[in-house]
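Residue numbers (the numbering used here): 783 to 1110.
Data first, discussion second: the structure below is written as structure tokens.
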């Protein structure tokens, strides 16, 4: 299981537990998409199909016909039907045919796709622009990073991870046990089960001694810091020099956004500022992330919900936040 997968599983468990508790004492907020579509099942020639009719005239209509749908990026989203992946545009039109064993979202004009157990990169027309040479290519859903991030993509060759540029040239040799995407000029890398950070030359600038690191955001990154006596760990935050600026005290910690970060403080979910101070739960600002879209499911089929994501920072834990963590 990758570091990102482990972090996602941990947060899903934490958020689900807290969500169940909160549901017992307050009204559950519905997923925003539920108010944007009317779901109709249409029978024709003995075949049932699901149609999503928007209640908002500014929302596009896309029939929910896919087994899985990835996130829209660069105007396209990967979709799965049966065992093959292709890509659709905002109207739901298939623009890159179903042909891939696996497919990731586009970033910086390229997307990694899998054919015959090897990864390669395509452009938005479906043309292969970086030939197959990789055993694995990462697609992280963190801080909007997909495939390429800041000009680099993390790839696996043999048993080690390194980085390529847009031409497919290996620019940081595969020598790490695991890697994360670049953010703010740094990338987390694993060496012998501990994580540190490298710069864009591949130089280790923060020594590997942490667990479950996040990408840098607004100059800070959350990391698991091991307690010398007990051997356990708590989450705190470091700056780009590796200095601990918010002491390890949290059971979970997410990246900073607009000056705030979501943490698990004891049994509670809270927001903190960059000084590590807890913030009032009920003061929140609403932010629209343009170009980002939610997903909606019906009868185990997935279709894109073409409405901007509303992120609440800081905000009380609600179903909105749970959906955000699970689906984006």
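A virtual CB, placed ideally from N, CA and C, is assigned to each residue, including glycine.
These numbers come from a predicted model, not from an experiment.
Endpoints, the beta strand (DSSP E) within which residue 990 is located: Your numbering for residue 990 matches position 208 in the chain shown. Looking at the DSSP string, the run of the beta strand (DSSP E) that includes residue 990 is 986–992.
Could you tell me which residues DSSP puts in a beta bridge with residue 770? Since the first and last residues shown for the chain are 783 and 1110, residue 770 lies out of range.
Paired residues, beta bridge with residue 999 - DSSP: As a working mapping, residue 999 is identified with position 217 in the chain shown. Paired residues: 1002.
Roughly how many angstroms lie between the CA atoms of residue 899 and residue 884, to the nearest whole one? Within the chain shown, residue 899 is the residue found at index 117, counting from 1. Within the chain shown, residue 884 is the residue found at index 102, counting from 1. Straight across, the Cα-Cα distance linking residue 899 with residue 884 is about 9 Å.
In the region 1010–1035, which residue ranges form an unbroken beta strand (DSSP E) of at least 3 residues, counting only runs that do not cross its ends? Here the runs fully enclosed are 1015–1020, 1026–1032.
Do residue 863 and residue 851 have their beta-carbon atoms positioned less than 8 Å apart in this structure? Position 69 of the chain shown, counted from the first residue, corresponds to residue 851. Position 81 of the chain shown, counted from the first residue, corresponds to residue 863. Not in contact: residue 851 and residue 863 (Cβ atoms no closer than 8 Å).
What's the C-alpha gap between residue 892 and residue 1013? Here residue 892 refers to the residue found at position 110 of the chain shown. Here residue 1013 refers to the residue found at position 231 of the chain shown. If you take the alpha carbons of residue 892 and residue 1013, they lie about 42 Å apart.
CA nearest to the CA of residue 1057, picked from 1009, 865, 1026, 1005: For the purposes of this step, residue 1057 is taken as residue 275 along the chain shown, with counting starting at 1. Among 1009, 865, 1026, 1005, the Cα nearest to that of residue 1057 belongs to 1026.
Taking 8 Å as the cut-off, decide whether the C-beta atoms of residue 961 and residue 971 are in contact. Position 179 of the chain shown, counted from the start, is the residue given in the question as residue 961. Position 189 of the chain shown, counted from the start, is the residue given in the question as residue 971. Less than 8 Å divides the Cβ of residue 961 from the Cβ of residue 971.
Comparing alpha-carbon positions, which option in 940, 978, 1000 lies nearest residue 1006? Here residue 1006 refers to the residue found at position 224 when the chain shown is read from its first residue. Checked all of 940, 978, 1000; the closest Cα to residue 1006 is 978.
Residues near residue 964 in its chain [Cβ-Cβ closer than 6 Å; skip 5 each side]: In the chain shown, counting from the first residue as 1, residue 964 sits at position 182. The beta carbon of residue 964 sits closer than 6 Å to the beta carbons of 931, 932, 934 from its chain, once the five residues preceding and following it are set aside; these are given in chain order.
Taking residue 1049 as part of the beta strand (DSSP E), name the residues at either end of that continuous run. As a working note, residue 1049 is residue 267 in the chain shown. Here residue 1049 belongs to no beta strand (DSSP E), and DSSP marks it neither H nor E.
Closest by CA to residue 959, which one among 911, 948, 939, 1008? Residue mapping note: residue 959 aligns to position 177 of the chain shown, counting from 1. For the residues 911, 948, 939, 1008, the minimum Cα distance to residue 959 belongs to 939.
What does residue 1038 pair with, by DSSP beta-bridge criteria? Residue numbering aside, residue 1038 sits at position 256 when the chain shown is read from its first letter. Per DSSP, none; premise fails for residue 1038.
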